[in-house]
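**Student:** In mature numbering (1 follows the signal peptide of the UniProt record, and there is no 0), the protein residues as written are -22 to -1, 1 to 112.
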Amino acid sequence: MTRMPLALSCLLFGLASAGAIAEPVPKVALGAVPGGLWEVSRSATGDGASRQCVAEPAALAQWQHRGRACTRVVLADKPGEALIHYTCPAGDFGRSRITVITPRTLRIETQGISGGEPFSYKLHARRVGNCQAH
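1) When you compare only the Cα positions, how much space is there between V18 and C109?
2) Can you tell me whether DSSP reads Q42 as helix, strand or coil?
3) Please name the residue in I62, A10, T49 and R46 whose C-alpha comes closest to that of Q89.
4) Return the chain-ordered list of same chain residues with a C-beta closer than 6 Å to the C-beta of Y64, the five sequence neighbours on each side being excluded.
5) State the DSSP-derived secondary structure class of V52, mapped to helix, strand or coil.
6) Pull the bridge partners of S92 from the DSSP assignment, please.
7) Checking 7 Å against the spacing of the C-beta atoms, do V78 and A22 come in under that value?
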């Protein structure tokens, strides 16, 4: 008989009991937040910011795994705040809380597993314009 690790069991139970919305985009929290070019930094002042062009701001939830084909599930979606769980190939996953400060400013608290190692940090994202057409 194969036993599921306790952490995985708790995660699956938590997802099932949280009433997860089967959508990758939180429409209430991020409905007024446009896609575009975003500067993302661990500093509220924007020091050391990286620029990322996203069609959908919910993609910023998987900052640790950006550019990867991950599946997102909205766990909570209320005015000003969304909670998103995502899973990626090779067992990587994350859970991010996005708080809308203004439609152009977001705070992202994210944690999960990447490459078999845990991560946990806060990000500050600021929309700086539209994406450049290539």
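Even for Gly, the Cβ is constructed at its ideal location relative to N, Cα and C.
**Tutor:** In brief:
1) 15 Å
2) helix
3) Ranking the options by Cα distance to Q89, first place goes to I62.
4) Q40, C48, R50 and G72
5) strand
6) E95
7) no
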